[in-house]
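Novice:
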Amino acid sequence: MKKAAVAIPLIALLIGALLLWWNAAGTPRLAKRPSPTANGGPDAVPGPRVREKPPEEPAASPPEAQAGSLRIFVTAAASPLGGASVIVQREGVDDHRSFETPESGSRLIQGMPPGPYVVGVRHPGYLPGEARSEVAAGGTSEVRVELQKGGRIHGRVTDTGGTPLPNASVLLTDGKTKSPLGPSMGATSDARGLYELPPVSRGDYGLRFRHERFKVAERGDFTFFQGTETYEVNVALEVGARVTGRVLDEEGRPIEGARVMIGNLGSGGVTQSDRNGEFGMYGLTDAPVNASVSAPGHGTVIRRGIRPNTDGLEFRLPRPGTIAGRVEGGEIPEHFVVILSRHEEDVKQVLRVDTRYFTNPPGGIFVVPDVAPGVYWVEVEAQDFQSTDRPQVMVEAGKTSPELRMRFTRK
Amino acid sequence: MASGKRWGSVVLALVAAGLMNGSSCSDDDSKSGSGGVGGGVFTPLQWNNQASGPNGTAGAGGSSPLQWVDPNTPVNSGGGGVISSQDERTWYFPDQYLPQADPESPHPLSTHTASGTITNPEDLCASFINAYRQQVLGVGAGGGFLGGGGFPIGGGGFQNVLLPMHLNIRKSVRAHCKHIAIYHAGPLTINSPSTDTFFTGGVAPAGRTAKCKIATQGAAAAVISGPNYPDASSASNWFINNGVLQAGSQQWTHLGVGYWTGFSEQYYWSCMMATNPALVP
Chain A
0 MKKAAVAIPL IALLIGALLL WWNAAGTPRL AKRPSPTANG GPDAVPGPRV
50 REKPPEEPAA SPPEAQAGSL RIFVTAAASP LGGASVIVQR EGVDDHRSFE
100 TPESGSRLIQ GMPPGPYVVG VRHPGYLPGE ARSEVAAGGT SEVRVELQKG
150 GRIHGRVTDT GGTPLPNASV LLTDGKTKSP LGPSMGATSD ARGLYELPPV
200 SRGDYGLRFR HERFKVAERG DFTFFQGTET YEVNVALEVG ARVTGRVLDE
250 EGRPIEGARV MIGNLGSGGV TQSDRNGEFG MYGLTDAPVN ASVSAPGHGT
300 VIRRGIRPNT DGLEFRLPRP GTIAGRVEGG EIPEHFVVIL SRHEEDVKQV
350 LRVDTRYFTN PPGGIFVVPD VAPGVYWVEV EAQDFQSTDR PQVMVEAGKT
400 SPELRMRFTR K
Chain B
0 MASGKRWGSV VLALVAAGLM NGSSCSDDDS KSGSGGVGGG VFTPLQWNNQ
50 ASGPNGTAGA GGSSPLQWVD PNTPVNSGGG GVISSQDERT WYFPDQYLPQ
100 ADPESPHPLS THTASGTITN PEDLCASFIN AYRQQVLGVG AGGGFLGGGG
150 FPIGGGGFQN VLLPMHLNIR KSVRAHCKHI AIYHAGPLTI NSPSTDTFFT
200 GGVAPAGRTA KCKIATQGAA AAVISGPNYP DASSASNWFI NNGVLQAGSQ
250 QWTHLGVGYW TGFSEQYYWS CMMATNPALV P
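This is the structure:
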């Protein structure tokens, strides 16, 4: 009995110690399913798929025997080119590597999974270049990218008095649509107002000059026949009108980060309120502007016909309500838009005031939050479908409307 | 006997502690040291095929070989997981528009996805663009439609202010984002590096939208990419503030916003406005 009294606790102690060691040593356990938000945030519905490796599988790069190498040569006029930015992208896989070429213009990459790769090269003095290569297991492939000279657009941005304007944005635009070709085809003026765009390929282009305090200016008809022409474009920007003000909540507290849209057909844009709720929109033309101010957790406020150079505007965002509904029918559209309209007292008309897009909402249910209190007509539109339902709904602060049912039929 | 009881208590406590410890570990896979991809000794490793982010950027200079870093390792964790999508039309299939191209070319021209990771930002960006259009084209905006802008309920609305999204254009611009992300390296450009322009010119039939059998009476497109545009707000701000797509223009009847994420630029946005788009049989 005495022996048993000693032996049993000792055995139990041994078991306890074994359990502790078992956990500390990282004994494989059953894999837990990843949470829905693990691979893409809260909107991962139906979400990207994540495949799991068995826990005992090593997570290292592929074994040397299976890996390959790639030597990259970057040249211009057949000479090695240093200082070029290189991105090596494994085709079809989110797997890339970037580096800058040394003076030799050459770099070797080892340990690469076999497969097709694309090599993109950019250099401030040349047009972008690209080449493809196949990396074989255990082998070393080579790829050469020869960069070409492009056309040149440069100049100076000043105000109408000739003072240089730093930090003016200059964007290359499409010659036909006047649409900017993206930030990668733009430049910012320096302290002397000087700018130079990245090299330009053959084609017809325009330019768009923008500075937050000045009116936008556009210039056009720059044709590059050979792709090697040079244009010097100097621009004097005019000071624009302004609208400034504050965004507050119902209790008069400033709202930071409110989305403030102010504009008319010729000017305007989007800005955000600062920590004091203050905002300013500059570079406006002299025509009246409309303003729309919204913030998460608040109802949107719209003002129309504001005279330029108005200061001290105050936007008090009301406590919002929510409109909820469901689309019904034999077939639910993949994508639809919910349109809210209301009677606007200032213009004595019913106007569409908000649109929200929905794609594949589960069960066809839609929820429109942050709606300012009031009476709304609700419409739902979808490509190739029709709905005649246009219910009217009263939105009250802090409340969700009774569920609306919107019926669709295919056209 | 009392001593035996004490021993028993100590041992039982140790056993219980061991069991509790084991129990809590079995529910906790948060020991990953690198962004949820793995790395903790107990963490189930996840195959993560979206390795944007800290994917080995080497500095300038140096002639020593670079070592490729597999994005699926714990030290190189990245973005957001595989995005489930279906390329309904590619450079080759189902219409061979590029005879010189690889007959198995998978470069997408039209991409469908049900992934909210893609569709939610697209929807939100389109909402922001429309909100701006509503404002500048709505009643009271100078140079716009003073005194106009109202519409009778059920009467079709004020023309071309709030633009509906065209599904096929949306798939086309989304494919443009995915195409550049997956099969090219570097910033999104308006024209495809595969020698084709966005909606005019290019190889026959002209342009990318034509290859998707979308005919329009006019269109304009704009693109942005890079880490500065991680969400619909920043993307739509750039589109609006830079006069993209003549955002205030009333000639457009439809809108398409496409988005993709991951790869060398992390975020890709493409936006197109069109006049009376229609599918060609």
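Top to bottom, those sequences are chains A and B. Mapped onto numbering that gives the first Met the number 0, the consecutive letters of the first sequence carry residue numbers 0 to 410. Mapped onto numbering that gives the first Met the number 0, the consecutive letters of the second sequence carry residue numbers 0 to 280. Cβ atoms here follow ideal geometry from the backbone N, Cα and C, with glycine treated the same way.
1) How far does the beta strand (DSSP E) with B:I223 in it extend, from its first residue to its last?
2) Against chain A, which members of the region 231-246 of chain B pass a CB distance test of less than 8 angstroms?
3) Does any C-beta atom of chain B lie closer than 9 angstroms to the C-beta of A:H95?
4) Since A:P361 and A:F407 are thought to touch, with beta carbons under 8 angstroms apart, how far apart are those beta carbons, to the nearest angstrom?
5) Taking 6 angstroms as the limit between beta carbons, can you name the residues of its chain near A:E327, skipping five residues before and five after?
6) Beta-carbon separation of A:R245 and A:L283 under 9 angstroms?
7) Could you tell me the distance, in whole angstroms, from the CA atom of B:G185 to the CA atom of A:R70?
8) Who are A:N289's beta bridge partners in DSSP?
9) Flag A:Q109 as yes when its Cβ comes closer than 8 angstroms to any non-hydrogen atom of the ligand GDP, and as no otherwise.
10) Should the region 289-301 of chain A be regarded as contacting the region 357-373 of chain A, the criterion being three or more beta carbon pairs within less than 8 angstroms?
11) Taking 9 angstroms as the CB-CB cut-off, is B:I181 touching chain A?
12) Pull up the distance between the alpha-carbon of B:N54 and that of A:T321, whole angstroms please.
13) Residues of chain B with CB closer than 7 angstroms to the CB of A:G267, please, in chain order.
14) Alpha carbons only, please: which of B:T260, B:S235, B:Q216 is nearest the one belonging to A:M260?
15) Taking just the CA atoms, how far does A:M393 sit from B:Y265?
16) Taking DSSP as the reference, what is the three-state secondary structure of B:C124?
17) Quick test of the definition: if touching needs 3 or more C-beta pairs under 8 angstroms, does the region 170-178 of chain A touch the region 132-150 of chain A?
18) Examine chain A for any beta-carbon lying closer than 9 angstroms to the beta-carbon of B:H175, and answer yes or no.
19) Could you give the distance in angstroms between the alpha-carbon of A:K410 and the alpha-carbon of B:S84?
20) Closer than 8 angstroms by C-beta to B:L133: which residues in its own chain qualify, once you throw out the five before and the five after it? Chain order, please.
21) Are the beta-carbon atoms of A:A130 and A:R121 separated by less than 9 angstroms?
22) Hey, how far is the Cα of B:A214 from the Cα of B:S109?
23) Rounded to whole angstroms, what's the CA-CA distance from B:S51 to A:G91? Just pull it up for me.
24) For B:C176, tell me which candidate among B:T274, B:G217, B:S191 has the shortest Cα-Cα distance.
25) Mind checking which residues open and close the alpha helix (DSSP H) that includes B:T188?
26) The beta strand (DSSP E) that contains B:H111, what's its start and end?
27) Does the beta carbon of B:A59 come closer than 9 angstroms to any beta carbon on chain A?
28) Check whether the Cβ of B:T110 lies closer than 9 angstroms to any Cβ atom in chain A.
29) How about A:I152 and A:L196: do their beta carbons lie closer than 9 angstroms?
30) Taking B:L187 as the query, report the chain A residues whose CB atoms sit under 9 angstroms from its CB, ordered along the chain.
31) Let me know if A:D345 comes out buried or exposed under the rule of 16 or more other beta-carbons within 10 Å of its beta-carbon.
32) Check for me: the alpha helix (DSSP H) holding B:C176 runs from which residue to which?
33) Can you name, in chain order, every residue of its own chain whose Cβ lies under 6 angstroms from the Cβ of A:G304, other than the five neighbours on each side?
34) What does B:Y131 touch in chain A if you count any residue whose Cβ is under 9 angstroms from its own?
35) Would you verify that the beta carbon of A:F357 is, or is not, closer than 9 angstroms to some beta carbon of chain B?
36) Using a Cβ-Cβ cutoff of 9 angstroms, what residues of the region 158-173 of chain B are near chain A? List them in chain order.
Specialist: If we stick to the structure as given:
1) Against the second sequence, residue 223 of chain B aligns to sequence position 224. That run of the beta strand (DSSP E) goes 218-224.
2) S232, S235, N236, W237, I239, N240, N241, G242, V243, L244, Q245
3) By one-based count along the first sequence, residue 95 of chain A stands at place 96. Yes, A:H95 lies at the interface with chain B (some Cβ there is under 9 angstroms from its Cβ).
4) Mapped onto the first sequence, residue 361 of chain A falls at position 362. Mapped onto the first sequence, residue 407 of chain A falls at position 408. Going by Cβ atoms, the distance from A:P361 to A:F407 rounds to 16 angstroms, so no, they are not a contact pair.
5) Start at 1 with the first residue of the first sequence, and residue 327 of chain A comes out as number 328. So the qualifying residues of the chain are R404, R406.
6) Numbered from its first residue, the first sequence carries residue 245 of chain A at position 246. Numbered from its first residue, the first sequence carries residue 283 of chain A at position 284. Against a cut-off of 9 angstroms, the Cβ pair of A:L283 and A:R245 comes out as no contact.
7) To locate residue 185 of chain B, count along the second sequence from 1; it is residue 186. To locate residue 70 of chain A, count along the first sequence from 1; it is residue 71. Between the alpha carbons of B:G185 and A:R70 lies a gap of roughly 19 angstroms.
8) Taking the first residue of the first sequence as 1, we reach residue 289 of chain A at position 290. A:G262.
9) As for the ligand GDP, it is missing from this structure, which has no ligand bound.
10) yes
11) Along the second sequence, read from residue 1 onward, the residue named residue 181 of chain B stands at position 182. Interface flag for B:I181 against chain A is set, since a Cβ pair is found closer than 9 angstroms.
12) Here residue 54 of chain B is taken as the residue at index 55 of the second sequence, counted from 1. Here residue 321 of chain A is taken as the residue at index 322 of the first sequence, counted from 1. Its pLDDT being 39, under 50, B:N54 is placed unreliably by the model, and nothing is read from it.
13) For the purposes of this step, residue 267 of chain A is taken as residue 268 along the first sequence, with counting starting at 1. Residues of chain B passing the Cβ test: V135.
14) The sequence position of residue 260 of chain A within the first sequence is 261, counting from 1. Comparing Cα positions, the closest option is B:S235.
15) Numbered from 1 along the second sequence, position 266 holds the residue referred to as residue 265 of chain B. Numbered from 1 along the first sequence, position 394 holds the residue referred to as residue 393 of chain A. Reading off the sequence shown, one finds Gln at residue 265 of chain B, where the question assumed Tyr. Taking the straight line from one Cα to the other gives about 42 angstroms.
16) Within the second sequence, residue 124 of chain B is the residue found at index 125, counting from 1. Correct three-state label for B:C124: helix.
17) no
18) Against the second sequence, residue 175 of chain B aligns to sequence position 176. So no, B:H175 is outside the interface.
19) Counting from 1 along the first sequence, the entry for residue 410 of chain A is found at position 411. Counting from 1 along the second sequence, the entry for residue 84 of chain B is found at position 85. Going from the Cα of A:K410 to the Cα of B:S84 covers about 27 angstroms.
20) Residue 133 of chain B sits at position 134 when you count from the first residue of the second sequence. Looking at the sequence itself, residue 133 of chain B is Gln, so the reference to Leu does not match. Excluding positions up to five away in sequence, the list reads V160, L161.
21) Counted from its first residue, the first sequence places residue 130 of chain A at position 131. Counted from its first residue, the first sequence places residue 121 of chain A at position 122. No, the pair does not count as a contact, with Cβ atoms beyond the cut-off.
22) Here residue 214 of chain B refers to the residue found at position 215 of the second sequence. Here residue 109 of chain B refers to the residue found at position 110 of the second sequence. Answer to the nearest angstrom: the Cα atoms are 14 angstroms apart.
23) Against the second sequence, residue 51 of chain B aligns to sequence position 52. Against the first sequence, residue 91 of chain A aligns to sequence position 92. Confidence is the limiting factor: at B:S51 the pLDDT is only 43, short of 50, which leaves the residue's position unreliable and the question unanswerable from this model.
24) Within the second sequence, numbered from 1, the residue matching residue 176 of chain B stands at position 177. The option with the nearest alpha carbon to B:C176 is B:S191.
25) Position 189 of the second sequence, counted from the first residue, corresponds to residue 188 of chain B. Run containing B:T188: none; DSSP gives neither H nor E here.
26) For this step, residue 111 of chain B is matched to residue 112 along the second sequence. Here the beta strand (DSSP E) through B:H111 covers 107-111.
27) On the second sequence, residue 59 of chain B is found 60 positions in, with the first residue counted as 1. With a pLDDT of only 41 at B:A59, under the threshold of 50, the placement of this residue in the model should not be trusted; the figure read from the coordinates follows. Closer than 9 angstroms to some Cβ of chain A, the Cβ of B:A59 qualifies, so yes.
28) Here residue 110 of chain B refers to the residue found at position 111 when the second sequence is read from its first residue. Output row for B:T110: interface = no.
29) As a first step, residue 152 of chain A is located in the first sequence; it is residue number 153 there, counting from the start. As a first step, residue 196 of chain A is located in the first sequence; it is residue number 197 there, counting from the start. Contact: yes.
30) Within the second sequence, the letter at position 188 stands for residue 187 of chain B. Those are G181, S183, listed as they occur along chain A.
31) By 1-based counting over the first sequence, the position of residue 345 of chain A is 346. Exposed, because fewer than 16 other Cβ atoms sit within 10 Å of the Cβ of A:D345.
32) Here the question's residue 176 of chain B lines up with position 177 in the second sequence. Counting along the chain, the alpha helix (DSSP H) containing B:C176 begins and ends at 166-182.
33) In the first sequence, counting from the first residue as 1, residue 304 of chain A sits at position 305. Within the same chain, P287 come within 6 angstroms of A:G304 by CB-CB distance, once the 5 residues on both sides are set aside.
34) Position 132 of the second sequence, counted from the start, is the residue given in the question as residue 131 of chain B. Near B:Y131 (Cβ distances below 9 angstroms), the residues of chain A are M260, G262, G267, G268, V269, S291.
35) Working through the first sequence from its first residue, we reach residue 357 of chain A at position 358. Yes, because at least one Cβ of chain B sits closer than 9 angstroms to the Cβ of A:F357.
36) The residues in question are V160, L161, L162, P163, M164, H165, L166, N167, R169.
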